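Written out below as structure tokens is the structure these notes cover.
Chains as they are written, first to last, in my numbering: chain U, 13 to 215; chain S, 51 to 276.
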């Protein structure tokens with residue numbers, strides 16, 4: 013049950029966009045059409061569900077203080093936490109590359125729709141952010157996977173909702189200076205307000 | 051006549067290869083453009099994540115600005131020095147490695163000298179790695195320009211980012227906590243019942259303040275997005 017709760021919290025309450033402002037760049041840049049937003053959202057869910065558990069293994073068995081004892085008892089005092097950023101970003105960049113190659117081989121149709129977004133994901137703050145938060149929250153591996161999926165799905169929901177609103181927005185009269193980014197920020201604020209009502213939700 | 055010719059010739063040579071002054075007009079523009087007309091946050095829509103996350107109070111915002119300026123300037127310099135050695139296919143990973151190293155330096159420095167601030171900023175220091183401004187400048191400028199110009203470009207973009215997030219933080223702290231740099235302004239002028247706005251402390255306040263700031267800035271500069 014706790015596992016589902018973690019995913020649910022990731023989707024609605026600790027939403028990557030509305031609570032932590034992560035992945036805002038792609039959230040704002042690629043939300044002009046529902047179709048492309050759908051592709052990016054899917055890619056984010058996919059990559060997050062894979063990278064968070066992999067980074068968890070890395071943190072648990074390589075980086076944490078005393079994590080290397082499985083090689084030799086004398087490594088007990090070694091603390092490699094300062095390598096965390098480099099290791100995590102390397103895992104993310106290579107995972108994205110790997111996922112891209114696998115999808116290209118297995119499902120050319122999906123690759124066609126995700127195509128350009130996959131490489132962009134390596135520099136999406138939501139991906140690195142979830143891994144860093146996962147470390148802070150002290151999850152076990154199943155919880156970490158569920159957290160990765162939840163925060164990815166939260167991003168997916170948010171970007172599709174925003175894209176739908178922006179498609180409608182094309183036909184309204186927005187003041188010149190507010191067009192584009194300005195109005196999008198205000199709408200995101202209102203959406204965040206709506207998402208606030210999910211606080212306290214649990215299974 | 052021959053003497054005159056040589057003078058003209060040398061003058062031509064001088065004109066042909068003018069050594070650009072240390073602060074020529076072009077270089078000044080590299081620094082000043084990102085401050086307003088080509089601002090990374092309000093015009094190019096980059097680096098929004100951290101712009102919003104750390105701006106609840108002015109003090110962490112200031113630390114964050116300094117960290118970003120440092121990372122952006124040195125990443126630009128290093129990548130610009132290496133630009134002819136980096137193979138095109140793996141340039142993103144090389145750039146990420148350089149940025150991640152610099153961010154690790156900043157993070158270790160904060161941990162050593164200002165542990166409280168390190169706790170406040172938490173994961174957001176690490177997220178400078180994926181700050182799109184840094185990656186954007188590396189990709190768009192440092193890969194194609196000389197080191198000195200790249201440093202200037204880094205300074206410009208860094209300060210363009212800094213003044214926007216400091217402005218957002220100013221309003222959020224003033225209206226959300228009634229203080230500036232933790233100094234209770236309204237109590238100091240005798241208005242003890244000032245109603246602080248809880249939404250400003252929350253994420254929603256950040257979106258609204260930045261939205262309005264973008265509106266003002268764009269109406270002034272006349273930039274319209276289609």
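Virtual Cβ for every residue (Gly too), placed ideally from N, Cα, C.
Everything numeric in this text was worked out from a predicted model, so none of it was measured.
Output yes if chain U places a C-beta closer than 7 Å to the C-beta of residue i; else output no.
i: residue 264 of chain S; result: yes
i: residue 76 of chain S; result: no
i: residue 65 of chain S; result: In this prediction, residue 65 of chain S scores a pLDDT of 49, lower than 50, which makes its location untrustworthy; the coordinate-derived value is nonetheless stated afterwards. Not one chain U Cβ lies under 7 Å of residue 65 of chain S.
i: residue 218 of chain S; result: no
i: residue 212 of chain S; result: no
i: residue 204 of chain S; result: no
i: residue 115 of chain S; result: no
i: residue 176 of chain S; result: yes
i: residue 82 of chain S; result: no
i: residue 254 of chain S; result: yes
i: residue 260 of chain S; result: yes
i: residue 108 of chain S; result: no
i: residue 95 of chain S; result: yes
i: residue 307 of chain S; result: Residue 307 of chain S is absent from the structure shown; chain S starts at 51 and stops at 276.
i: residue 158 of chain S; result: yes
i: residue 275 of chain S; result: yes
How would you write the range of the alpha helix (DSSP H) that residue i sits in, first residue to last?
i: residue 12 of chain U; result: No answer is possible for residue 12 of chain U: the residues shown for chain U start at 13 and end at 215.
i: residue 170 of chain U; result: 153-181
i: residue 16 of chain U; result: 14-20
i: residue 68 of chain U; result: 46-70
i: residue 200 of chain S; result: 197-227
i: residue 107 of chain U; result: 96-118
i: residue 165 of chain S; result: 165-171
i: residue 267 of chain S; result: 253-271
i: residue 131 of chain S; result: 108-132
i: residue 39 of chain U; result: 36-41
i: residue 81 of chain S; result: 75-82
Looking at the C-beta of residue i, does it have a partner C-beta in chain S at a distance below 7 Å?
i: residue 103 of chain U; result: no
i: residue 57 of chain U; result: no
i: residue 205 of chain U; result: yes
i: residue 1 of chain U; result: The requested residue 1 of chain U does not occur in the structure, where chain U is confined to residues 13 to 215.
i: residue 30 of chain U; result: yes
i: residue 45 of chain U; result: no
i: residue 36 of chain U; result: yes
i: residue 171 of chain U; result: no
i: residue 33 of chain U; result: yes
Could you give the C-beta distance for residue i and residue j, rounded to a whole number, given that I count them as a contact under 8 Å?
i: residue 166 of chain U; j: residue 142 of chain U; result: Between residue 142 of chain U and residue 166 of chain U the Cβ distance is about 10 Å, and since that is not below 8 Å, they are no contact.
i: residue 149 of chain S; j: residue 125 of chain S; result: 5 Å
i: residue 17 of chain U; j: residue 214 of chain U; result: 6 Å
i: residue 121 of chain S; j: residue 97 of chain U; result: No, residue 121 of chain S and residue 97 of chain U are not in contact; Cβ-Cβ is about 12 Å, not under 8 Å.
Starting from residue i, follow its DSSP beta bridges and name the residues at the other end.
i: residue 234 of chain S; result: S/229
Query raised in the report: For the segment 134-152 of chain U against the segment 61-69 of chain U, are there 3 or more C-beta pairs whose distance is under 8 Å?
Result: The segment 134-152 of chain U vs the segment 61-69 of chain U: in contact.
Can at least three beta-carbon pairs, one atom from the segment 136-155 of chain S and one from the segment 243-259 of chain S, be found at a separation below 8 Å?
no
Validate contact between the segment 180-187 of chain S and the segment 216-236 of chain S using beta carbons, cut 8 Å, 3 pairs: no
The segment 162-178 of chain U in contact with the segment 237-254 of chain S per 3-pair CB rule at 8 Å: no
Checklist entry - Are the segment 127-143 of chain S and the segment 191-199 of chain S in contact at 8 Å, needing three or more beta carbon pairs? => result With the cut-off at 8 Å, the segment 127-143 of chain S and the segment 191-199 of chain S touch.
- Query: So does the segment 154-168 of chain S actually touch the segment 89-105 of chain U, counting three or more Cβ pairs closer than 8 Å?
  - Reply: yes
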